[in-house]
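Undergrad: Here it is: the structure, laid out below.
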Amino acid sequence: MSGNLRFLNKSITQSLCVLSRGYARRTSFPDYYQNPIFRKDEQSRLIEEGELSRRAKLPVKPPTVYESSSVYHDPLVNKVINHVMEKGKKQLARSLVEKAFENIKRKQIERYHLASSPDEKAKIELNPKDILHKAVENSKPLLQLTPIKRGGITYQVPGPITERRSLFLAIKWLLEATYEKEKQVHFPEQFAWEVLEAANNTGKVIKRKQDLHRQCEANRAYAHYRWQ
Amino acid sequence: MLSRNWRHLCRRYSQAVTFRTTEASPSQHNENQIGLFYTMEEAQCKQLFGSGGLPKSFMKQTKTFTETAIMVRQPALDLINCIKASDMNQPAIRYVLYGEKGVGKSLTIAHLLHYAHENGYLIVHVPWVSEWLRRTPRHKEMANSQSREGFVDLPLDAAAWLLHFKNQNQAMLKNNELKTSKEYVWSKREMTEAGSSLAALVEHGINRVKYACDVIDALVNEIKILSDSKVCKTFVAIDGFNSFFYPMTRLKTPTKKQVKPEEVTLTTSFLEITKNDWSNGVIVVTADQLAVPEEHQESFLPRYLLFKKGFEHLDPFVPIEVERYTDKEFLTCANYYRDRLWLRGPTEIETELKFTSACNPYNFMIQCAPL
Numbered sequence: 001m002s003g004n005l006r007f008l009n010k011s012i013t014q015s016l017c018v019l020s021r022g023y024a025r026r027t028s029f030p031d032y033y034q035n036p037i038f039r040k041d042e043q044s045r046l047i048e049e050g051e052l053s054r055r056a057k058l059p060v061k062p063p064t065v066y067e068s069s070s071v072y073h074d075p076l077v078n079k080v081i082n083h084v085m086e087k088g089k090k091q092l093a094r095s096l097v098e099k100a101f102e103n104i105k106r107k108q109i110e111r112y113h114l115a116s117s118p119d120e121k122a123k124i125e126l127n128p129k130d131i132l133h134k135a136v137e138n139s140k141p142l143l144q145l146t147p148i149k150r151g152g153i154t155y156q157v158p159g160p161i162t163e164r165r166s167l168f169l170a171i172k173w174l175l176e177a178t179y180e181k182e183k184q185v186h187f188p189e190q191f192a193w194e195v196l197e198a199a200n201n202t203g204k205v206i207k208r209k210q211d212l213h214r215q216c217e218a219n220r221a222y223a224h225y226r227w228q
Numbered sequence: 001m002l003s004r005n006w007r008h009l010c011r012r013y014s015q016a017v018t019f020r021t022t023e024a025s026p027s028q029h030n031e032n033q034i035g036l037f038y039t040m041e042e043a044q045c046k047q048l049f050g051s052g053g054l055p056k057s058f059m060k061q062t063k064t065f066t067e068t069a070i071m072v073r074q075p076a077l078d079l080i081n082c083i084k085a086s087d088m089n090q091p092a093i094r095y096v097l098y099g100e101k102g103v104g105k106s107l108t109i110a111h112l113l114h115y116a117h118e119n120g121y122l123i124v125h126v127p128w129v130s131e132w133l134r135r136t137p138r139h140k141e142m143a144n145s146q147s148r149e150g151f152v153d154l155p156l157d158a159a160a161w162l163l164h165f166k167n168q169n170q171a172m173l174k175n176n177e178l179k180t181s182k183e184y185v186w187s188k189r190e191m192t193e194a195g196s197s198l199a200a201l202v203e204h205g206i207n208r209v210k211y212a213c214d215v216i217d218a219l220v221n222e223i224k225i226l227s228d229s230k231v232c233k234t235f236v237a238i239d240g241f242n243s244f245f246y247p248m249t250r251l252k253t254p255t256k257k258q259v260k261p262e263e264v265t266l267t268t269s270f271l272e273i274t275k276n277d278w279s280n281g282v283i284v285v286t287a288d289q290l291a292v293p294e295e296h297q298e299s300f301l302p303r304y305l306l307f308k309k310g311f312e313h314l315d316p317f318v319p320i321e322v323e324r325y326t327d328k329e330f331l332t333c334a335n336y337y338r339d340r341l342w343l344r345g346p347t348e349i350e351t352e353l354k355f356t357s358a359c360n361p362y363n364f365m366i367q368c369a370p371l
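In order, the protein sequence lines correspond to chains A and B.
Mapping to the working numbering: the first sequence position 159 is 159, numbers consecutive.
Mapping to the working numbering: the second sequence position 116 is 116, numbers consecutive.
Structure (structure tokens):
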């Protein structure tokens with residue numbers, strides 16, 4: 001349990017660097033080029049810490065189009081959009097995710113108006129981005145199974161999972177659950193539904209996570225294969 | 001927790017700035033209420049716009065906001081003042097609303113219709129002309145006109161419009177003075193006698209869909225005669241009027257021949273009522289880019305959209321431009337959205353949205369949606 005807590009604590013500190021850009025392949029920029037810092041709050045932090053004068057001398061990669069200092073820039077939302085994207089059609093992916101946000105918002109506002117007491121109203125979360133954050137946080141797995149071959153038999157061995165991979169799995173599962181839909185239902189509606197369910201700690205994605213945890217628990221006897 | 005505090009803060013902030021007016025009657029609106037929202041009664045809204053009239057995206061908003069609130073804006077006020085000031089004994093004045101996409105032409109018409117309804121006008125309102133001429137669902141009911149050679153009828157659309165007309169003028173049609181001037185013979189056994197009420201005429205069109213187009217033709221003539229003889233005053237509002245003048249419609253006869261708009265019976269009827277050879281009436285039409293195909297949307301000015309033919313048909317008319325939000329209107333709109341929980345977050349967001357939406361009302365509404 002304490003390990004879990006430590007893990008969660010770590011995950012919060014890591015979440016920022018996980019969402020920063022990483023490249024699968026080589027880029028045209030040499031290694032010593034720095035990632036751009038485009039958020040105003042981060043820039044002000046740099047100035048406070050006196051880092052700026054040091055960084056000013058280093059060459060910096062250009063920021064991409066989606067890295068803006070806008071008020072509603074959100075790295076996680078950008079990540080999800082990239083996962084939804086196919087064949088580089090980012091505009092389309094973005095419009096789909098935004099429509100899903102709109103659906104979430106309409107549903108929550110409707111719920112808000114239906115709620116009778118102010119207490120109930122205060123409980124309803126209305127910001128779709130917060131709901132997405134909560135949904136992703138809820139669907140992140142804490143353990144993973146790795147296939148390891150010992151004595152001709154492949155064992156599913158439970159082990160810790162990196163923050164980066166658990167984020168990847170959470171988003172992937174959310175989207176896979178969304179794609180399991182009738183043809184008549186459109187992506188934004190289904191995605192909105194799945195996100196709301198996951199934020200509420202119910203639904204397909206949460207079940208999948210719990211199944212994985214159960215499997216890990218069942219296979220704990222194989223855990224020593226990780227190092228033997 | 002933080003976002004909840006924000007929400008409360010925002011609500012308090014939004015209440016501090018007035019964005020609402022309690023004056024629910026359009027005839028009482030004046031310059032002091034520009035940029036403020038007034039709420040339309042639900043029953044009235046249902047009666048006026050139950051079968052079309054408000055844009056689809058706006059209808060969605062009314063459901064989310066649990067009310068129908070329309071902003072009082074300059075063009076609508078100008079038009080109302082013009083109507084109040086004009087002499088009704090003179091030939092009917094034509095007003096043409098024009099403006100970019102999404103600036104609120106249709107909602108201006110909605111505001112005016114509310115005014116007309118309140119002041120006891122007989123309303124002849126076409127929600128969207130392109131619905132007839134450009135929208136082609138798989139089974140579009142089309143028939144060759146029996147009364148006129150070479151013309152095409154759209155019986156189902158016509159009957160739907162008659163129902164719309166009946167709903168909008170429920171109170172007016174009970175008035176027994178509205179009578180037909182001459183006898184209409186539909187077939188061997190069916191006829192409408194001279195002196196029967198307009199309600200009976202409309203009812204006949206709804207029940208016998210086959211004759212709906214001819215009924216509309218008759219109805220338009222009767223309305224003109226009745227207005228001219230000062231029995232009733234008439235308010236004609238046609239949204240997307242320029243669709244009547246686009247060279248081709250998207251309709252096709254069973255023989256795959258493309259239909260021109262002037263070959264549709266509905267077109268002739270509604271062109272007839274927009275002529276200024278009658279008095280005691282007000283005619284408001286819109287020239288809208290969305291009513292014509294994309295390749296012909298280069299300009300939003302009436303001369304371009306109405307073509308020479310339409311321009312000459314309407315000439316002389318009073319052009320009224322609907323513009324984007326002014327700074328004040330944008331501010332009240334943002335506050336209204338905040339109050340309705342549609343917009344959240346820090347106040348800097350408004351400056352950004354103002355910049356990205358360029359104060360276009362529709363764009364502003366759409367861009368608030370995912371926030």
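Quick reminder that beta carbons are idealized off the backbone N, C-alpha and C, glycines included.
In this text, all values refer to a predicted model and were calculated from it rather than measured experimentally.
With a cut-off of 8 Å on the beta carbons, I'd call leucine 266 of chain B and isoleucine 216 of chain B a contact; round off their distance for me.
TA: Confirmed, about 7 Å.
Undergrad: Return the residues of the segment 65-91 of chain A that lie within a Cβ-Cβ distance of less than 8 Å from chain B, sorted by chain order.
TA: Cβ contacts with chain B come from Ser70, Val71, Tyr72.
Undergrad: Against chain A, with Cβ distances strictly below 8 Å, would threonine 64 of chain B count as a contact?
TA: Yes - at least one Cβ of chain A is within 8 Å of the one on threonine 64 of chain B.
Undergrad: So what does DSSP say about glutamate 443 of chain B, is it helix, strand or coil?
TA: For chain B, the structure presents residues 1 to 371; residue 443 of chain B sits outside this window and is missing.
Undergrad: Output yes if chain B places a C-beta closer than 8 Å to the C-beta of asparagine 138 of chain A; else output no.
TA: Not an interface residue.
Undergrad: Can you grab the Cα-Cα spacing for the pair lysine 224 of chain B / aspartate 288 of chain B, in whole Å?
TA: In a straight line, the C-alpha of lysine 224 of chain B is about 26 Å away from that of aspartate 288 of chain B.
Undergrad: Is the segment 164-179 of chain B touching the segment 272-290 of chain B, taking contact as three or more C-beta pairs under 8 Å?
TA: No: fewer than three Cβ pairs fall under 8 Å.
Undergrad: Consider the Cβ of glutamate 323 of chain B: report whether some Cβ of chain C lies at a distance smaller than 8 Å.
TA: Judged by its chain identifiers, the structure shown contains no chain C, and its protein chains are A and B.
Undergrad: Counting only runs of 3+ residues fully inside the segment 219-281 of chain B, write out the beta strand (DSSP E) ranges in chain order.
TA: Fully enclosed beta strand (DSSP E) runs of 3 or longer: 234-238.
Undergrad: Is the shortest distance between the beta-carbon of leucine 174 of chain A and the beta-carbons of chain B less than 8 Å?
TA: No, its Cβ sits nowhere closer than 8 Å to a Cβ of chain B.
Undergrad: Indicate whether at least one CB of chain B lies closer than 8 Å to the CB of histidine 113 of chain A.
TA: Closer than 8 Å to some Cβ of chain B, the Cβ of histidine 113 of chain A qualifies, so yes.
Undergrad: Run through the DSSP bridge pairs and tell me what phenylalanine 317 of chain B is partnered with.
TA: Its beta-bridge partners are B:Arg94.
Undergrad: Here's the rule I'm using: 16 or more other beta-carbon atoms within 10 Å means buried, otherwise exposed. How should proline 254 of chain B be labelled?
TA: Proline 254 of chain B should be labelled exposed.
Undergrad: Which residues, in order along the segment 119-151 of chain A, keep a beta-carbon less than 7 Å from a beta-carbon of chain B?
TA: Flagged, chain order: Ala122, Leu126, Asn127, Pro128, Asp130.
Undergrad: Round the Cβ separation of leucine 122 of chain B and cysteine 232 of chain B to the nearest angstrom and send it over; I've been treating them as touching at under 8 Å.
TA: With 8 Å as the limit, leucine 122 of chain B and cysteine 232 of chain B qualify as a contact, their Cβ atoms being about 5 Å apart.
Undergrad: For a test of the three-state rule: what should DSSP assign to serine 68 of chain A, helix, strand or coil?
TA: DSSP places serine 68 of chain A in coil when its eight states are reduced to three.
Undergrad: Any beta carbon from chain B within less than 8 Å of isoleucine 171 of chain A's own beta carbon?
TA: Answer no: the Cβ-Cβ gap between isoleucine 171 of chain A and chain B never drops below 8 Å.
Undergrad: Compare the Cα-Cα distances from threonine 146 of chain A to each of A:Tyr225, A:Leu58, A:Ser53 and report the closest residue.
TA: The residue with the shortest Cα to Cα distance from threonine 146 of chain A is A:Tyr225.
Undergrad: Just to confirm the assignment, what range does the beta strand (DSSP E) spanning histidine 125 of chain B have?
TA: Taken as a continuous stretch (DSSP letters only), the beta strand (DSSP E) holding histidine 125 of chain B covers 122-126.
Undergrad: Are the segment 113-130 of chain B and the segment 236-243 of chain B touching by the rule of at least three beta carbon pairs closer than 8 Å?
TA: Taking 8 Å as the limit for Cβ pairs, the verdict is that the segment 236-243 of chain B does touch the segment 113-130 of chain B.
Undergrad: Beta-carbon separation of threonine 64 of chain B and glutamate 98 of chain A under 8 Å?
TA: Contact: no.
Undergrad: Could you say which of A:Arg165, A:Gln215, A:Ile131 lies nearest to glutamate 197 of chain A if we only look at CA atoms?
TA: Closest by alpha carbon: A:Ile131.
Undergrad: Alpha carbon to alpha carbon, what distance is there between alanine 194 of chain B and isoleucine 366 of chain B?
TA: Straight-line Cα distance between these residues: approximately 52 Å.
Undergrad: Given this structure, state the Cα-to-Cα distance separating glutamate 350 of chain B from arginine 94 of chain A, to the nearest angstrom.
TA: Roughly 21 Å separates the two Cα atoms.
Undergrad: Fully enclosed by the segment 155-192 of chain A, which alpha helix (DSSP H) runs are 4 residues long or longer?
TA: Within the segment 155-192 of chain A, the complete alpha helix (DSSP H) runs of at least 4 residues are 163-179.
Undergrad: Would you report the Cα separation of threonine 21 of chain B and leucine 36 of chain B, rounded to the nearest angstrom?
TA: Near 6 Å, if we compare the C-alpha coordinates of leucine 36 of chain B and threonine 21 of chain B.
Undergrad: Starting from serine 197 of chain B, follow its DSSP beta bridges and name the residues at the other end.
TA: DSSP output for serine 197 of chain B lists B:Lys179 as bridge partner(s).
Undergrad: Alpha carbon to alpha carbon, how far is tryptophan 227 of chain A from isoleucine 12 of chain A? Give it in angstroms, no decimals.
TA: Confidence in isoleucine 12 of chain A is poor, its pLDDT being 42 and thus under 50, which makes the residue's placement too unreliable to answer from.
Undergrad: So what's threonine 62 of chain B in DSSP terms, helix, strand or just coil?
TA: It is helical.
Undergrad: Name, in chain order, the residues that DSSP records as bridge partners for valine 152 of chain B.
TA: Valine 152 of chain B is bridged to B:Asn144, B:Val264.
Undergrad: Any idea if histidine 111 of chain B is buried or exposed, counting beta-carbon neighbours within 10 angstroms, 16 or more meaning buried?
TA: By the 10 Å Cβ count, histidine 111 of chain B comes out buried.
Undergrad: If you measure from the beta carbon of arginine 101 of chain A to each beta carbon in chain B, is any gap under 8 Å?
TA: Looking at the sequence provided, one finds phenylalanine at residue 101 of chain A rather than arginine. Answer yes: the Cβ-Cβ gap between phenylalanine 101 of chain A and chain B drops below 8 Å somewhere.
Undergrad: Residues of chain B with a CB under 9 Å from the CB of arginine 106 of chain A: which are they?
TA: Going along chain B in sequence order, the residues near arginine 106 of chain A (Cβ under 9 Å) are Lys60, Lys63, Thr64, Ala369.
Undergrad: Looking only at C-alpha atoms, which of B:Arg208, B:Lys252, B:Ala76, B:Leu48 sits nearest to isoleucine 34 of chain B?
TA: The shortest Cα separation from isoleucine 34 of chain B among B:Arg208, B:Lys252, B:Ala76, B:Leu48 belongs to B:Ala76.
Undergrad: Which residues in the same chain as glutamine 14 of chain A place their Cβ atom closer than 7 Å to its Cβ, once the five residues preceding and following it in sequence are excluded?
TA: With a pLDDT of 43 at glutamine 14 of chain A, under the threshold of 50, the modelled position of that residue is not reliable, and no figure is offered here.
Undergrad: Report the neighbours of arginine 344 of chain B on chain A: residues whose CB is nearer than 8 Å to its CB, in chain order.
TA: Here the neighbours are Leu126, Asn127.
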